[in-house]
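**Q** Handing you this structure, nothing more for now.
Chains as they are written, first to last, in the working numbering: chain F, -16 to 186; chain B, -16 to 186.
Structure below.
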């Protein structure tokens, strides 16, 4: 039984679950748990069942590693995509970010992270063997490395570029620079350095 | 099957569930859904099961309406509480807020809302009959009305005070005023008016 001044055990448990979410602190978790106490029963069951079934339903695409409910994802199955273009990203969530830009019509390859010696993530922990296999079997002409423009993302990009240097494909890196719509005043020194380094002639 | 540029159906569903939470917009819901994709299976099952079971496990206390897993809540069962003091609150979550102040050792009565003609909430929708029944059966000497100090909360407080005017009990209202630790500059006119009205002689 819960003591006075404490939430009942089941509510306490829900608060702990919400607290595991990124950016949700103890107070917000409490607020969310109390809010769902007034949800209709079917919304609670709906949410609960969706969470329980999530892992069985959504899994990585067998080819690219994107989220999918079918053996291979919608993008890999789409015959209209440019099959010579392959874009390498760290996480499946970044596929959606790039898709939303509507500027890339090739295929993707999800690494499942970036090289990070400090957190013990080496080349064997990324889907690099699968990448080499795809490049061997599919008619890829250009590989766009879209890992994050931070130290680890850059190291991963260089590692991949070195690994594939002997292949007859173009290897490119997405541009790092000042974000569109922002002010130079808010850009940090490293971003400005990259923006200057990656300058393009106006033609 | 999901279209390119769309999340798989199950992930979409989770995003919709997160979006139902207060203060969680579409973007945050996406971020949370993607975050839980990398949770271990047992955490997902844990969260999902907790949500499904919540309504069966936690329900209102038969006496006061506070959250409980037992027929009556821990506060109502606690023999050390002052049984002559009854504090009326709108929601069960406010019981916890008052308990955390550690300044009240009486019992509670949860109304389940406040009078709100605009949203069609009248006296019959609140646990007022239960309150009268408790006052008849239990040796209550003071009733502290702790509804919110807004228009509807005040109206509810006055309604209760009128309803119980004939009973030989003291009826009091929590003080409204400038919050402790805040600056007078940030207090609105209505709060300052209440603070002045409710001034106390320094002795």
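Ideal Cβ placement from N, Cα and C applies to all residues, glycine included. Just so we're clear, the structure is a prediction, and the values are computed from it rather than from any experiment.
In whole angstroms, give me the CA-to-CA distance for residue 81 of chain B and residue 15 of chain B.
**A** Residue 81 of chain B and residue 15 of chain B: Cα-Cα distance of roughly 31 Å.
**Q** Let me know if residue -15 of chain F comes out buried or exposed under the rule of 16 or more other beta-carbons within 10 Å of its beta-carbon.
**A** Residue confidence is low: residue -15 of chain F scores 48 on pLDDT, short of 50, so the model does not pin down where it sits. No coordinate-derived value is stated.
**Q** Using a 10 Å radius around the Cβ and a threshold of 16 neighbouring Cβ atoms, would you call residue 182 of chain F buried or exposed?
**A** Residue 182 of chain F should be labelled exposed.
**Q** Just list the residues that DSSP pairs residue 50 of chain B with in beta bridges.
**A** Looking at the DSSP assignment, residue 50 of chain B forms a beta bridge with B:43.
**Q** Shortest alpha-carbon distance to residue 190 of chain B belongs to which of F:166, F:29, F:144 and F:55?
**A** With chain B covering only -16 through 186, there is no way to say anything about residue 190 of chain B.
**Q** Could you name the residues of the same chain whose beta carbon sits closer than 6 Å to that of residue 127 of chain B, not counting the 5 residues immediately before and after it, in chain order?
**A** If we look at residue 127 of chain B and ignore the five residues flanking it on each side, its Cβ neighbours are 70 and 155.
**Q** Which two residues bound the contiguous alpha helix (DSSP H) that contains residue 0 of chain F?
**A** Per DSSP, residue 0 of chain F belongs to the alpha helix (DSSP H) from -8 to 2.
**Q** Please name the residue in B:135, B:111, B:133 and B:158 whose C-alpha comes closest to that of residue 146 of chain B.
**A** Considering only alpha carbons, the answer is B:111.
**Q** Check residue 19 of chain B in the structure and name its three-state DSSP category.
**A** It is helical.
**Q** Under DSSP, the beta strand (DSSP E) around residue 69 of chain F begins and ends at which residues?
**A** Segment 68 to 72, the beta strand (DSSP E) holding residue 69 of chain F.
**Q** Quick one: any contact between the stretch 56 to 68 of chain F and the stretch 85 to 92 of chain F, if contact means 3 or more CB pairs under 8 Å?
**A** With the cut-off at 8 Å, the stretch 56 to 68 of chain F and the stretch 85 to 92 of chain F touch.
**Q** The alpha helix (DSSP H) that contains residue 163 of chain F, what's its start and end?
**A** Taken as a continuous stretch (DSSP letters only), residue 163 of chain F belongs to no alpha helix (DSSP H), as it is neither H nor E.
**Q** Quick check: the stretch 130 to 144 of chain F against the stretch 94 to 113 of chain F, are at least 3 beta-carbon pairs closer than 8 Å?
**A** In short, these stretches touch, since the Cβ pair count reaches three.
**Q** Rounded C-beta distance between residue 7 of chain B and residue 34 of chain F? I'm assuming under 8 Å.
**A** Between residue 34 of chain F and residue 7 of chain B the Cβ distance is about 15 Å, and since that is not below 8 Å, they are no contact.
**Q** At the 8 Å Cβ level, is residue -15 of chain B part of the contact set with chain F, yes or no?
**A** Confidence at residue -15 of chain B is low in this model, with a pLDDT of 48, below 50, so the placement of that residue is unreliable and no value is reported for it.
**Q** Do you know offhand how far residue 176 of chain F's Cα is from residue 42 of chain B's?
**A** For residue 176 of chain F and residue 42 of chain B, the distance between alpha carbons rounds to 59 Å.
**Q** Please confirm whether residue 27 of chain B and residue 17 of chain B have their CB atoms less than 8 Å apart.
**A** Their beta carbons are not under 8 Å apart, which means residue 27 of chain B does not touch residue 17 of chain B by this criterion.
**Q** Any beta-carbon of chain B closer than 8 Å to the one on residue 3 of chain F?
**A** Chain B contact via Cβ: present.
**Q** What does residue 87 of chain B touch in chain F if you count any residue whose Cβ is under 7 Å from its own?
**A** In chain order: nothing, as chain F lies at least about 11 Å away.
**Q** Secondary structure at residue 119 of chain B, three-state DSSP: helix, strand or coil?
**A** The answer is helix: DSSP assigns residue 119 of chain B an H, G or I state.
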